[in-house]
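Asker:
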Amino acid sequence: MRDPGGDGFVVPHTGLWFGGDITVTGAVPESGPASLELEDVDFLLRYEPTARVAFFTDVRLENSLQLLEGMGVVAGPGDILIERLYLDLLLTPHFTLRAGKFFTPFGLWNVIHRAPLTWTVDAPDVVEETFPIRTTGLSLVYQTTWHGWSFDATAYGPAQDKLALRRTTEDGLMGGGRTAVGRALGPAYATLGLNAAGYEDQSEETGLKQWAESFGGDAEVTLRGNQLMAEFVYTHLEKTGRRELGFYVQDAIPITRTLYGVLRVEHLELPDVGSGNGGLIGLFWRPRPWLILKADYQFGDRLGDILEPGPIGSFTLFF
Amino acid sequence: MRPSCLGVLAIVLLATSASPGADKPAEADAIAVIVGRDSFVTTITRDGLRELYLRRQRVWPNGAPAIVVNLPPDNPVREGFSKLILGRSSSDLVAYWNGRYFEGIRPPIVLHSAAAVRAYVAAEPAAVGYVPLSEVDDGCRVLITLPAAR
């Protein structure tokens, strides 16, 4: 039956919930052919056999079908990716132990990585280029509220990504943590977060492995339906001495109850490809709970396929 | 023995149909945070309520599942509760719940009237809800009273 509390479906008396979405994306990049792509088919499943134990998985089918300008329909390999697969054990009301594969708890965006429910079609490049997106291992999460202050602390590691059904460069040791604090400030609610991670980085071009450290900060302010968010990431690679950094600031502004305008600026410094600025102006519309339409115009100093300018849009159907 | 979900829902439906429109709160009515008369929950703090209503805390200290009950988003009592306890309006929580959806964590159950909330918590010992103070009856126990919604 439809989940009465939200999206997806529940199977009564079983502790089973499932949901998912299909996303189609169209892009007209300045540097390449226009495309219409079945971006991904996402299936989410959560099973809670008892109040203290939860199993969660997120499986995606991607690279399956693409319509390319001048080339027609191109069928891809249809990669099946176990995006997340973990077991949550609620040790106490405030401590949760997580074991498995999960999004690296680094910053605001990465934990809802490329989700259709983010405000824009594409994520800011800084959160895709400067630290590992996924972690496989253990994570201990502490959450509490004290005198109106919300505190979150997460520690994770030792991690090694072995669950992807395709090649990945996220395959080294990893450890890190995140801490965040949130509080109401008059009519607004603000959160501040700090992130740190150490991991084995592998260059996609040369295959060189080296130890890397990433540090980040993030902030979010919500006020009357408006969501302002910002993240900063600094990464240092030990062997080569390379430094990468970037940040973005994004504002989602409610126009009606279901329509939002989005503005974003970002800056990225990657020694291999150079430094650049980018930005985006977009619309996010959820006319029905099961339908999301997004239209963005991205601008930027193109760095290879990073900060690619041009219009991009998507529609997502939830089931 | 704990009542089944279907049993609780049946009670809620009966209660709701028996008192249509009975939950229109007075503007200046305080908000009562309630549990069932026989619930094992005896105390709660505002901080604890925030953890529960954001689903950051999902079990009670005794290990029972924490079931939290909301009124509909357009209900002024919910808006007052949300601002007082969660520090945000319902519209400011849109992105928060979008993020939780992608972990399979669902928002609190929504019942469409104070009568339905009363009936639900009376039948489910692990449930907590809130209603206008003037709507509290003998089937439930008040844990905290919050100032009137503005």
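These protein sequence lines are chains A and B, in that order. At position 105 of the first sequence (counting the first as 1) the number is 650 in my numbering, and the numbers step up by one without a gap. At position 35 of the second sequence (counting the first as 1) the number is 39 in my numbering, and the numbers step up by one without a gap. Beta carbons: idealized from backbone N, C-alpha and C, even for Gly.
Please say whether E814(A) and H781(A) have beta carbons closer to each other than 7 angstroms?
Answerer: Not closer than 7 angstroms, so no.
Asker: Compare the Cα-Cα distances from G67(B) to each of P638(A), T602(A), Q772(A) and report the closest residue.
Answerer: The shortest C-alpha separation from G67(B) is found at P638(A).
Asker: Between A99(B) and chain A, is the shortest Cβ-Cβ distance under 7 angstroms, so that the two count as touching?
Answerer: With 7 angstroms as the cut-off, A99(B) counts as an interface residue toward chain A.
Asker: First and last residue of the alpha helix (DSSP H) that includes A644(A)?
Answerer: From DSSP, A644(A) is part of no alpha helix (DSSP H) but of the beta strand (DSSP E) over 640-648.
Asker: List the residues of chain B that V656(A) touches, going by C-beta distances under 9 angstroms, in chain order.
Answerer: Correct list: G103, F106, E107.
Asker: Pick helix, strand or coil for L610(A), following the three-state DSSP scheme.
Answerer: The answer is strand: DSSP assigns L610(A) an E or B state.
Asker: Just to confirm the assignment, what range does the alpha helix (DSSP H) spanning R769(A) have?
Answerer: No alpha helix (DSSP H) contains R769(A), which DSSP labels as neither H nor E.
Asker: Would you report the Cα separation of Y41(B) and Y701(A), rounded to the nearest angstrom?
Answerer: As written in the sequence, residue 41(B) is Arg, which differs from the Tyr given in the question. Whole-angstrom Cα-Cα distance: 42 angstroms.
Asker: H692(A) versus chain B: which residues are under 8 angstroms apart at the beta carbon?
Answerer: What H692(A) touches in chain B: D51.
Asker: Relative to the alpha-carbon of G693(A), which residue among I35(B), R50(B), V37(B) has its alpha-carbon at the smallest distance?
Answerer: G693(A) has its Cα closest to that of R50(B), out of I35(B), R50(B), V37(B).
Asker: Give me the chain B residues within the contact set of A596(A), using Cβ-Cβ distance strictly less than 9 angstroms, ordered along the chain.
Answerer: Near A596(A) (Cβ distances below 9 angstroms), the residues of chain B are R62, V63, W64, G67, A68, P69, A70, A130.
Asker: Kindly identify the DSSP beta-bridge partner or partners of A733(A).
Answerer: In the DSSP output, where bridge partners are listed per residue, A733(A) has L730(A).
Asker: Taking 7 angstroms as the threshold (C-beta atoms), are D587(A) and N608(A) in contact?
Answerer: Against a cut-off of 7 angstroms, the Cβ pair of D587(A) and N608(A) comes out as no contact.
Asker: Please say whether L828(A) and Q843(A) have beta carbons closer to each other than 7 angstroms?
Answerer: Not in contact: Q843(A) and L828(A) (Cβ atoms no closer than 7 angstroms).
Asker: Hey, does E83(B) have any beta-carbon neighbour from chain A nearer than 7 angstroms?
Answerer: Cβ-Cβ to chain A under 7 angstroms: no for E83(B).
Asker: Which residues mark the beginning and the end of the beta strand (DSSP E) in which A152(B) is found?
Answerer: First-last for A152(B): undefined, no H or E at that position.
Asker: L97(B) to A735(A), Cα distance in whole Å?
Answerer: When rounded, the distance between both Cα atoms is 12 angstroms.
Asker: Applying a beta-carbon distance threshold of less than 7 angstroms, which residues of chain B neighbour T601(A)?
Answerer: Note on identity: in this sequence residue 601(A) is Phe, with Thr being the wrong assignment. In chain order: E107, G108.
Asker: How big is the Cα-Cα spacing for L56(B) and F696(A)?
Answerer: Between L56(B) and F696(A), the C-alpha separation is close to 14 angstroms.
Asker: Between V766(A) and chain B, is the shortest Cβ-Cβ distance under 7 angstroms, so that the two count as touching?
Answerer: No, no contact with chain B.
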